[in-house]
Amino acid sequence: MDKKEENLHSYGVLTKEQNRLVTETDPQTPGGELMRRYWQPAALSEELGADPLPVRVLGEDLVLFRDAAGKPALVERQCPHRLADLSYGFLDRGTLRCIYHGWLFDGTGRCLEQPGEPADSTYKERVRLTAYPCFESNGIILTYMGSGEAPPVPALPFLTAPPESVWVTKAMHDCNYLQASEGNVDPQHLSFLHRTFAANDPHLADVQRLIAVDVAPEIELEETPFGFRICAMRNTAAGRYVRITNFIMPNNSAFQGTPVVDPAVERIDDNSAYQMH
239 MDKKEENLHS
249 YGVLTKEQNR
259 LVTETDPQTP
269 GGELMRRYWQ
279 PAALSEELGA
289 DPLPVRVLGE
299 DLVLFRDAAG
309 KPALVERQCP
319 HRLADLSYGF
329 LDRGTLRCIY
339 HGWLFDGTGR
349 CLEQPGEPAD
359 STYKERVRLT
369 AYPCFESNGI
379 ILTYMGSGEA
389 PPVPALPFLT
399 APPESVWVTK
409 AMHDCNYLQA
419 SEGNVDPQHL
429 SFLHRTFAAN
439 DPHLADVQRL
449 IAVDVAPEIE
459 LEETPFGFRI
469 CAMRNTAAGR
479 YVRITNFIMP
489 NNSAFQGTPV
499 VDPAVERIDD
509 NSAYQMH
């Protein structure tokens, strides 16, 4: 560790080795093994149409398709025969056929047909793709990529709420997952990054009064069985303004997601949004 890194580390900044330990999520990495012990998002339902969908999750190239029952199936993307990309294959009654030599795979990774082999060949029984279980609800597809039997899917609100109460989307962030998660659980940055809105925003006064006026909120952290809860308390002219964020292991954050409203001035709508990232 050089002098600059040592100084940063003294302020709680991770060393390069610590950073790699928690941010590298490829197979066979400690961070990757941890992340694979939880259900992770693989795709949005709207992305999965009539063709196989290539996806990359935790450093693995995979292909997603719907089986004969219409359920999502996730398998490794390269055919074991000549490493052809199976996302260029085509669906055959809920199974996936390689475009190169026609090898046929089901959603569990079993090889069902090898057209170029003799009719009495049993070689297909010795070939198997890596496959991961999937769960689909309210427009999002989750997968479990860990070893052993998959744990129960957590009863998170965006999975269990009525479909009409849920909106899902995805965005590309050019960073690692931890950098994004840090932003979600960092209340202090709201006073600067989120303090300026369009002049015609009716909530601009609330933002300035409740967030921008106190740039050093008092922060309390409560450890919980699911992770931790953060209470950020700011002093305002009308009293204390409290904002609560929940961090759910290993990479999920939940917080109020609608424009800032001063409850002393305006009633908070019963249908105000709650975001989970």
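Quick note: the sequence shown uses this note's numbering, first residue 239, plus one each step. Backbone N, C-alpha and C fix where the C-beta goes; we use that ideal spot for every residue, glycine too.
| query | result |
| --- | --- |
| Could you tell me if Ala281 is buried or exposed, where buried requires 16 or more neighbouring beta carbons within 10 angstroms of its beta carbon? | buried |
| Would you mind working out which of Pro455, Leu334, Lys309, Arg320 sits nearest Ile378, comparing C-alpha positions? | Lys309 |
| Do you know whose CA, among Leu259, Gly340, Gly354, Tyr370, lies nearest Phe303's CA? | Tyr370 |
| Leaving out five residues before and five after Ala311 in sequence, what residues of the same chain have Cβ atoms less than 6 Å from its Cβ? | Phe303, Asp305, Gly345 |
| Using only the alpha-carbon positions, how far apart do Gln266 and Arg258 sit? | 13 Å |
| Is the beta carbon of Pro279 closer than 8 Å to that of Leu397? | no |
| From the DSSP output, read off the bridge partner residues of Gly465. | Thr462, Ile486 |
| Is Ile457 near His432, with beta carbons less than 8 Å apart? | no |
| Can you list, in chain order, the stretches of the beta strand (DSSP E) that have 3 or more residues and sit fully within the segment 256-319? | 278-282, 291-295, 298-304, 310-314 |
| Is the beta carbon of Leu252 closer than 8 Å to that of Pro488? | no |
| Out of curiosity, what's the CA-to-CA distance linking Gln513 and Gly495? | 5 Å |
| What does the alpha-carbon distance come out to for the pair Leu342 and Asp299? | 19 Å |
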